[in-house]
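The structure under discussion appears below in the form of structure tokens.
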Amino acid sequence: MGFHWDEIPGMLPVLLHGLLITVLATIMIMIIAMVVGLPVALARISRHWFLRYPATIYVQFLRGTPVLLQLFYLYYVLPFAGIRLEPWTAGIIGMSLAYSAYLSEIYRAGIEAIDRGQTEAALSLGMSRAKIMRVVVLPQAIRIIIPPIGNILIGLFKDTSLLSVLTIRELMFEGQILASTTFRHITIFTVIAVLYLAVCWPSAAIVDRLERRLKATPQGDGPSARRSFFRFLPFFARETG
Amino acid sequence: MIKLEHINKRFGALHVLRDVNLEIARGEVVVVIGPSGSGKSTLLRVINHLEGIDSGTIRLNGEPIYDYEKDGKRVHDPEAKVRAIRARVGMVSQRFNLFPHMSALDNVASGPIHVRGTPAAEAKAQARVLLERVGLSEKVHSFPAQLSGGQQQRVAIARALAMNPEAMLFDEVTSALDPELVGEVLRVMKALAAEGMTMAIVTHEMGFAREVADRVVMMDHGAIVEEGAPAAFFSNPTSERTKAFLQAVIRH
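Line by line, the protein sequences are chains Z and C. Residue numbers are given in numbering that gives the first Met the number 0: position 164 of the first sequence equals residue 163, and the series is strictly consecutive. Residue numbers are given in numbering that gives the first Met the number 0: position 147 of the second sequence equals residue 146, and the series is strictly consecutive.
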């Protein structure tokens, strides 16, 4: 037993493949969750109850139960109702739904942080609610929500380890398989910890820097600040150009 | 042109507008004064439908707008119609509310582009002319954060003018400004008045009111207590409430 440096090169290809799956799952889930989260957030703050109520139930349900339980439900419980999902399908759907709920709350907080006077000024010009959201509110809210979204992304990256219970061969599950045949637990799970850390630590540093920069530059403080900021989001930059 | 008939508005238990009747003729400049909480701002916000009313009728060129009695029932204009009416009446508020992520030029062009669908190049060319008119041709590409309060407020006026409104509402537009910046904003408004723009102005600048107003309206506790031509109004107010208010305001 103990830590075996010499065995690391041999297990690294398998673990790196697991890491690749982890990264791919993170990207897929994040993209779906970001897309689904926006309409959920907009429905949550809608003036129409028939949009607001279902969205609220959706969010509370997904926030109020463990992701692990949701994954279990999709993969192990639904078959009893005759619905059989592939591990990947269940995993991506389950985690995307959960994260869309988390993200919708961040979107909502960002949107609600924008001064009401902005909306009123746009209303006075005769703009529609949809235009106001797209042209006035969202471009400002993005500044506020980028740092928390970065933190959510890092959280998601670690949470994809839950996919191991669906037999998806991401980093954690590859480690378990490897450990069950080689019994090199200390070496394997230490290497896995280092691999997670190697991604998360620099990512967190980037998020921190981004947050400081967004705070340091007052909104719209010069075209250069704006351009560097909107470079991340060409979709919204179009509206303001 | 704008006519308010028996307008009542309550915020819960607070009766902010009490049976208000006011008519603003085309080309007329009406200045509304009164202590804070007297309902002056709400009066303007109601004309722009930023607040609804509980009863009464608002008319634009004789036509009832927003919500009004029709065949004995209270009806509400559809969103699209409300928007179209709002676009015809410009509003500028105390807190400028420029869009911070847009340059001065984009702020001014935003109405025509996003409400009227004017091509961007055309809207921006008009915006340049308007910014020049308010004395900001040098600041076209500046962002709100780079402008002084007075400059921001002039951009806000230009932004409202870009919609080619039939009337303009000014809600304490100089109240948030440093004293030395008030003059530049008032100059722009005087020029507008001289051009014949129909204007309703809520202000605490009594000198300006006397100079620019065709008619002065005094409000207190949600009701109009006195109105008249500025010369008579300021030198010889009839209501005790107006006398007390003017004395308190003019003393300092």
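No residue lacks a Cβ here, since even glycine has one placed at the ideal position from N, Cα and C.
- For the pair of segments examined, the region 175 to 182 of chain C was found not to touch the region 5 to 22 of chain C: the number of CB pairs separated by less than 8 Å stays below three.
- Restricting attention to Z:R142, Z:G93, Z:A80, the CA atom closest to the CA of A108 of chain Z is found in Z:R142.
- Excluding residues up to 5 positions away in sequence, L209, L213 lie with their Cβ nearer than 7 Å to the Cβ of I145 of chain Z in the same chain.
- What A83 of chain C touches in chain Z, judged by beta-carbon distance under 8 Å, is G125, going in chain order.
- For K69 of chain C, the number of other beta carbons within 10 angstroms of its own is below 16, and it is reported as exposed.
- Counting the other CB atoms within 10 Å of its CB gives N47 of chain C a total of 16 or more, which places it among the buried residues.
- For S99 of chain Z, the enclosing alpha helix (DSSP H) has its first and last residue at 86 to 111.
- Residues of chain C with a Cβ closer than 7 Å to the Cβ of L122 of chain Z are, in chain order, L49, R85.
- Under a criterion of Cβ atoms nearer than 9 Å, the residues of chain Z adjacent to S92 of chain C are, in order, G116, E119, A120, S123.
- In this structure, the beta-carbon distance from F232 of chain C to E225 of chain C falls below 9 Å.
- Bounds of the alpha helix (DSSP H) holding S179 of chain Z are 170 to 181.
- At least one C-beta of chain Z is nearer than 9 Å to the C-beta of V114 of chain C.
- DSSP places I223 of chain C within a strand segment (E or B) once states are collapsed to three.
- The beta strand (DSSP E) runs lying completely inside the region 94 to 181 of chain C and spanning 3 residues or more are 166 to 170, given in chain order.
- Assigned with DSSP and collapsed to three states, Y72 of chain Z falls in helix.
- The three-state reading of DSSP puts P34 of chain C in coil, since its state is none of H, G, I, E or B.
- G125 of chain Z: not part of any alpha helix (DSSP H); DSSP gives it neither H nor E.
- Restricting attention to C:G11, C:V15, C:L21, the CA atom closest to the CA of L3 of chain C is found in C:L21.
- Ranking Z:L194, Z:S202, Z:V35, Z:V206 by CA distance to the CA of H16 of chain Z puts Z:L194 first.
- The C-alpha of V184 of chain C is placed about 10 Å away from the C-alpha of A190 of chain C.
- At a cut-off of 9 Å between beta-carbon atoms, R127 of chain C makes no contact with chain Z.
- Within the DSSP secondary-structure output, L59 of chain C pairs in a beta bridge with C:I1, C:E62.
- For R212 of chain Z, no Cβ of chain C is located within less than 9 Å of the residue's own Cβ.
- Apart from sequence neighbours up to five positions away, the residues of its chain that approach I249 of chain C with a beta-carbon distance below 8 Å are M205, ordered along the chain.
- In this structure, the CA atom of T55 of chain Z is about 11 Å from the CA atom of S45 of chain Z.
- Annotated as distal: R214 of chain C and V45 of chain C, with beta-carbon spacing of 9 Å or more.
- Rounded to the nearest angstrom, the gap between the Cα atoms of G116 of chain Z and L43 of chain C is 15 Å.
- Of the candidates C:S147, C:G221, C:A126, the residue whose Cα lies closest to the Cα of D18 of chain C is C:G221.
- Fewer than three beta-carbon pairs drawn from the region 111 to 119 of chain C and the region 148 to 163 of chain Z are found closer than 8 Å, and the two stretches are therefore not classed as touching.
- The shortest CA-to-CA distance from E131 of chain C to any of C:R158, C:G110, C:A144, C:G61 is the one to C:R158.
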